[in-house]
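Its first residue numbered 459, the sequence shown is counted upward by one per residue in this note's numbering.
Working notes, beginning with the structure itself.
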Amino acid sequence: MIDRRTFIKAGTAAGTMLAVNELLGSSGGRISVDGPIVISTWDFGVAANRAAWAILEKEGHALDAVEAGVRIAEGDLNNHTVGKGGYPDRDGYVTLDACIMDDRGNCGAVAALEHIAHPVSVARKVMEATPHVLLVGEGALQFALESGFEKEDLLTPEAAATWRKWLQQKKYQPVINIENRSFTTEKLPGNQYNHDTIGMLARDAAGRLSGACTTSGLAFKMHGRVGDSPIIGAGLYVDNEIGAATATGVGEEVIRTVGSFLVVELMRQGYSPEDACREAVNRIIRKKPETAKIIQVGFLALNKQGEHGAYALQSGFSYAVCNQNRQDLLVKGKSIF
Ligand code: SD4
């Protein structure tokens, strides 16, 4: 049964979007795919997936694939919500959050990290070279520099100009919950400032699952604010027995519901990836019905069988899929509102 519209992005990044119907099965979009597969959030996941696929198709490890994949988004200066070029917080600092998790339950994360363009690689280093899971702020930067990462100015002229414009437009005053206020007045996020954290999930040829999530967080957030993206269980979770999940959107609501862990646990109970994501979205609505109407949160999931699915609060969420049958597939995520 044809149950959703999908889109193939053909050829180059500027290629035409061709609408096609994909046969995904009748129950929550279930279809299992043999061999490696990588999926990631939002349209720019297509380019990130290509980098991951280059590793997966050579029977590389899913962990290497997700790190290489999300580094593409981190390095894209036109992406203002991930890595270098990300919009700063309200005080003008670019602070990055990222995490990574492998098939054996190993995980690492950094939060509020400044000056390092590839926080996902620092997160991996935390995972592999320290007894810890999460390093934050100054300590994370110190660790990154000691580990040989290059110190950079991450605030690009374009991001700085947008921030200055935002300050003017907002007649900025430090008010508690200013971020929420801006969400309600501008129907954020994801508005033009807050779209596009990348979460990536992969299964390699050996059946190993891994995931990564990286972001500059919500634009113009309070200095020191950390979202869901570096929090294992919230922005990302991987359980090699069951599947993996990641989240995008307003991290506060994802943390409140431990969203990615919830999605994986629902899949453990037999939910398809799409149904699990829908249930996690509904959990947010039940906890905060009014907030849920004016924010965006999207979940993306991949199970052990290679079935994938997504669900979001608001329309406009998309995710990219790459496997041996299809490359550069862009799927329109379903939504509640
Ligand atoms: C955060 N979840 O910092 C991230 C932001 C995001 O699409 O995903 N934007 O809350």
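Just so it is clear, CB atoms sit at the ideal spot from N, CA and C, and this is done for glycine as well.
- [ ] Would you kindly work out how many angstroms separate the C-alpha atoms of L787 and D686, rounded to a whole number?
- [x] About 26 angstroms.
Task: Rounded Cβ spacing between F771 and F795 (contact assumed at less than 8 angstroms) - done: The sequence shown places Leu at residue 771, not Phe. Contact holds; Cβ gap of about 6 angstroms.
TODO: Within its chain, find whatever has a CB closer than 6 angstroms to the CB of I495; leave out the 5 residues flanking it on each side and keep chain order.
DONE: Once the five neighbours on either side are set aside, the close Cβ partners of I495 are R661, G764, N781.
Task: Which listed residue (R784, S773, N783) has its alpha carbon closest to that of K790 - done: For K790, the nearest C-alpha among the options comes from S773.
Task: Sequence-distant residues of its chain with Cβ nearer than 7 angstroms to R714 (five each side left out) - done: The residues are K745.
- [ ] Would you kindly report the start and end of the unbroken beta strand (DSSP E) that includes A670?
- [x] 667 to 673 is the span of the beta strand (DSSP E), which, as asked, contains A670.
Task: L676 Cβ short of 6 angstroms to the ligand SD4 heavy atom set - done: Flag set: Cβ of L676 near the ligand SD4.
TODO: Quick one: residues in its chain with C-beta nearer than 8 angstroms to the C-beta of K792, no 5 flanking neighbours on either side, listed in chain order?
DONE: Residues of the same chain with a CB within less than 8 angstroms of the CB of K792, apart from the 5 flanking positions on each side, are R462, E732, R736, A768, Y769, A770 in chain order.
TODO: Pick out whichever of V540, F607, P688, P546 has its Cα sitting closest to the Cα of M680.
DONE: Selected option, being the one with the closest Cα: P546.
Open item on the list: So V684 and A569 are supposed to be a Cβ contact under 8 angstroms. How far apart are they, rounded?
Closed with: A Cβ-Cβ distance of about 4 angstroms is found for the pair V684 and A569, placing them in contact under the 8 angstroms criterion.
Open item on the list: Less than 7 angstroms between the beta carbons of A702 and L625, yes or no?
Closed with: With contacts defined as CB atoms closer than 7 angstroms, A702 and L625 fail to qualify as a contacting pair.
Open item on the list: Does the segment 527 to 542 come into contact with the segment 569 to 578, if we say contact requires no fewer than three beta-carbon pairs (one atom in each stretch) closer than 8 angstroms?
Closed with: Taking a cut-off of 8 angstroms for Cβ pairs, the segment 527 to 542 and the segment 569 to 578 touch, as three or more such pairs fall below it.
Open item on the list: Quick check: what's the CA-CA separation for E711 versus T588?
Closed with: Distance between the alpha carbons of E711 and T588: 30 angstroms.
TODO: Could you tell me the distance, in whole angstroms, from the CA atom of N635 to the CA atom of I752?
DONE: Interpretation of N635 is limited by its pLDDT of 31, a score under 50 that renders its predicted location unreliable; no figure is taken from the coordinates.
Task: Rounded C-alpha distance that separates V503 from I497 - done: The question names Val, but residue 503 is Gly in the sequence shown. Distance between the alpha carbons of G503 and I497: 7 angstroms.
Task: Neighbourhood of K583 by C-beta distance below 6 angstroms, restricted to the same chain and skipping five residues each side - done: S605.
TODO: List the endpoints of the continuous beta strand (DSSP E) containing G756.
DONE: In the DSSP assignment, G756 falls within the unbroken beta strand (DSSP E) covering 755 to 761.
Task: N-terminal and C-terminal residue of the beta strand (DSSP E) that R661 is part of - done: Where R661 is concerned, the enclosing beta strand (DSSP E) starts and stops at 656 to 661.
Open item on the list: Does K516 pass the burial test, meaning 16 or more other C-beta atoms within 10 Å, or should it be called exposed?
Closed with: When all chains shown are included, K516 counts as exposed.
- [ ] Tell me whether T655 counts as near the ligand SD4, meaning its Cβ is closer than 6 angstroms to at least one heavy atom of that ligand.
- [x] Checking every heavy atom of the ligand SD4 against the Cβ of T655, one is found closer than 6 angstroms.
Open item on the list: the ligand SD4 and G566: does any heavy atom of the ligand fall closer than 6 angstroms to the residue's C-beta?
Closed with: No, the ligand SD4 has no heavy atom inside 6 angstroms of this Cβ.
- [ ] Give the secondary structure of S793 by DSSP, where H, G and I count as helix, E and B as strand, and everything else as coil.
- [x] S793 falls in the strand class under three-state DSSP.
Open item on the list: Per the DSSP calculation, A692 is bridged to which residue(s)?
Closed with: A692 is not bridged to any residue.
TODO: Look at V552 and I656 and say whether their C-beta atoms are less than 7 angstroms apart.
DONE: For V552 and I656, no; Cβs fall outside 7 angstroms.
- [ ] Within 10 angstroms of the Cβ of A512, are there 16 or more other Cβ atoms? Answer buried if so, exposed if not.
- [x] With a 10 Å radius around the Cβ and a threshold of 16 neighbouring Cβ atoms, A512 comes out exposed.
TODO: Name the one or two DSSP bridge partners that T539 has.
DONE: Its beta-bridge partners do not exist; DSSP assigns none.
Open item on the list: the ligand SD4 and T749: does the residue's C-beta get closer than 6 angstroms to at least one heavy atom of that ligand?
Closed with: Within the chosen limit of 6 angstroms, the ligand SD4 does not reach the beta carbon of T749 with any heavy atom.
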